[in-house]
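Structure first, then comments.
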Amino acid sequence: MADDFHTQAERDFYKAKTKALASRIFGILRPSFTELMPFDQAKQLIKPQSETYRGVTAVRLEDIAGSEGRYRDFNRFFFPKREHLKARWTGIDELQYRDMILPPVVLYEMGGLYFVRDGNHRVSVARAKGQEFIDAEVISLQSEIHLDPEMSIQDIKRAVIEYEKERFYRETNYVNVVGTDDLIFSEPGRYDTIREHVLVHKYFLNQNMSEEIPFHQALFSWHENVYQPICQAIDAENLLSLFPGRTISDLYLFLVAHWDELKRKFGRFVEIGEAAESFKIQTKRGRRGFFEYVRKIFGDGIQKK
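Numbering (our numbering), first residue to last: 34 to 338.
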């Protein structure tokens, strides 16, 4: 009987592994959908503010979409992709044939999705056997962004950007203040940077005022006297064509960083048109090297497209 359990477990493993291969073939047009989501990458994008221990509860297996450390070993449906998983996987499957009760898996919950902290093989065996739920010890990480099981990391990034934009527009009354919806970024975290730019602009405006000006007035002044002139310089040098997939708001931040670097380097005021021309020349000289230069002066958040 023991040999029968072992043989059946091996059959189950190779059947699940074949399903992983089939999923990869069918998902060739959208490979990110067939990949298990890396927890650390999702967490870095979401940036949860707190965590809460929820105890043991039943979790739908289809809501488990990622893993903390084994996301390369299983596909999005937790079918095993690698041969070295066989011993552990079949061992767990055999225990189930023997009606042994396994301990709960440990999951992180974030935005309605679950990520495996411990128990990847148990989740994989349960998915392969068609279970609907699994007992899990759950740690919830606070997120105001709802995640969907069909999302990829890129989908999450877009959701985060949209959330940050909506929050910034709502808190600053941006469209009503400046009269247009023209602040669009391709990376998260940029709206907080814009808020900082406006506050710096507000500080300098207040130097010549007897009373402190309100934020909305500083926002309008920044948009008219800083943002728009820099965007015009970007258009004049056709800089956007050198950065496919980026937006003019992205280029605003890139150019401001370069402009500040030039002023520190030369020890004098630099016209924005001069900075835009310098930016264009350095980009054309060596895109890869200059990209690293932009990353250095602007921050690690910049990613290649």
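The beta-carbon is built from N, C-alpha and C at its ideal position, and this holds for glycine as well.
Just mark residue i as buried or exposed, buried being the case when its beta carbon has 16 or more other beta carbons within 10 Å.
i    : result
I61  : Below a pLDDT of 50, predicted positions are generally treated as unreliable, and I61, at 48, falls in that range; no measurement from the model is reported.
G124 : exposed
M20  : Here the chain comprises residues numbered 34 to 338, so residue 20 is not present and cannot be evaluated.
Y104 : buried
D333 : With a pLDDT of 47 at D333, under the threshold of 50, the predicted position of this residue should be treated as unreliable, and no value is reported.
A15  : Residue 15 is absent from the structure shown; the chain starts at 34 and stops at 338.
G300 : exposed
P277 : exposed
M242 : exposed
S274 : exposed
E127 : buried
V208 : exposed
S83  : exposed
E142 : buried
T316 : buried
T205 : buried
Under the three-state reduction of DSSP, which class applies to residue i: helix, strand or coil?
i    : result
S185 : coil
D151 : strand
L146 : strand
L135 : coil
First and last residue of the alpha helix (DSSP H) that includes residue i?
i    : result
T316 : I305 to R318
V289 : I281 to F299
E249 : Going by the sequence as given, residue 249 is His instead of Glu. That run of the alpha helix (DSSP H) goes F248 to W255.
Q261 : Q261 to A269
Would residue i and residue j be called neighbours here (beta carbons separated by less than 9 Å)?
i    : j    : result
A91  : A169 : yes
R131 : F38  : yes
L118 : V156 : no
Subject >> beta strand (DSSP E) segments (min. 3 residues) lying fully within the region 155-226 >> reply: 166-174
Original post:
Can you list, in chain order, the stretches of the alpha helix (DSSP H) that have 4 or more residues and sit fully within the region 56-133?
Top reply: 64-67, 72-79 and 119-130
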